[in-house]
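Asks: This is the structure, below, for whatever I ask next.
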Amino acid sequence: MMQPIIDFLIQLGWIGLLIGVAFEALSIPIPSSFFIVFYGYMLKPGLLEIFLIGLLITGVYIIFSFVPYWLSIKFEDKLKSKISKKKMKKAMNWIDKYGDWSIALGRIFGMGYIAFIGGFCKIKPMKYALLTFIGVYPLAVLFVYLGTLGNIKAINGMINHVSWWAGGIILIIAVIIFGMKYLRKRNRMAHEQQ
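Structural data, given as structure tokens:
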């Protein structure tokens, strides 16, 4: 079953990788992580090349993720009615909880529709691009590297767990930071009342 897909990707070469990444960035539900791991396996890049390929992948992702971002600004009302209420509520809760950093976190968790939310929330384009970079680049480098290790099936299974571990770590850090801010604010208010 995988062989026809692998053969097709081999025929496409680099363009196949970039098309897969572009589709995911457009919020089309295609897991580009498979493409990235596969091309890491196929190309066997060295350390510097891994980082450069990560930059290329991230650049393509940023460029194409601006399509849903701009569409959400231009057609906000129409698009909001098309997105499921459950997904919209989940994304808005993320924005409320983590602010603009939700864009980077959304990339880590594979929430492609976060691009629409970025537009709805009117996040400035440069900030949106930077947050997308922060969320995509480390994963792109990681997935290319994992591909160089060789066992595609084992690696693909591992990818499903990596996002949750990374997200869990980020969530723990965020809880600690927000907890410390909350405690400082509460202590400051208590001292002011005395």
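Per full-length UniProt numbering, the very first residue in the sequence shown carries number 1; after that it's consecutive. Yeah, the Cβ is synthetic: ideal placement off N, Cα and C, and Gly gets one too.
By the three-class DSSP mapping on this structure, what secondary structure does Phe35 have?
Replies: Counting from one through the sequence shown, the residue named residue 35 turns up at place 35. Helix.
Asks: Helix, strand or coil: which one does DSSP assign to Pro45?
Replies: One-based indexing of the sequence shown puts residue 45 at position 45. Of the three classes helix, strand and coil, the one that applies to Pro45 here is coil, per DSSP.
Asks: Can you look up Val175 in the DSSP assignment and give me helix, strand or coil?
Replies: Stepping through the sequence shown from its first residue, residue 175 is reached at position 175. Correct three-state label for Val175: helix.
Asks: Is it the case that the CB of Ala22 approaches a heavy atom of the ligand MG more closely than 8 Å?
Replies: With respect to small molecules bound, the structure shown includes none, and the ligand MG cannot be examined in it.
Asks: When you compare only the Cα positions, how much space is there between Met1 and Gly150?
Replies: On the sequence shown, residue 1 is found 1 positions in, with the first residue counted as 1. On the sequence shown, residue 150 is found 150 positions in, with the first residue counted as 1. Note on Met1: pLDDT 49, under 50, position unreliable in the model; no value is reported.
Asks: Counting beta carbon pairs with one atom in the segment 133-144 and one in the segment 36-55, are three or more of them shorter than 8 Å?
Replies: Yes: the two stretches touch, three or more of their Cβ pairs being nearer than 8 Å.
Asks: Using a Cβ-Cβ cut-off of 9 Å, state whether Lys185 counts as contacting chain B.
Replies: Looking at the structure shown, chain B is missing, and only one protein chain is on hand.
Asks: Can you say whether Pro68 is buried or exposed, counting buried as having 16 or more other CB atoms within 10 angstroms of its CB?
Replies: Taking the sequence shown and counting its residues from 1, the one referred to as residue 68 is at position 68. Label assigned to Pro68: buried.
Asks: Is it buried or exposed, Leu18, if we count other Cβ atoms within 10 angstroms and call 16 or more buried?
Replies: As a first step, residue 18 must be located in the sequence shown, where it is residue number 18. By the neighbour-count rule (16 or more Cβ atoms within 10 Å), Leu18 is buried.
Asks: Counting pairs of beta carbons, one from the segment 82-96 and one from the segment 30-37, are three or more of them closer than 8 Å?
Replies: no
Asks: If you drop the 5 nearest sequence neighbours on each side, which residues of the same chain put their C-beta closer than 8 Å to that of Ile177?
Replies: Here residue 177 is taken as the residue at index 177 of the sequence shown, counted from 1. Hits under 8 Å: none found.
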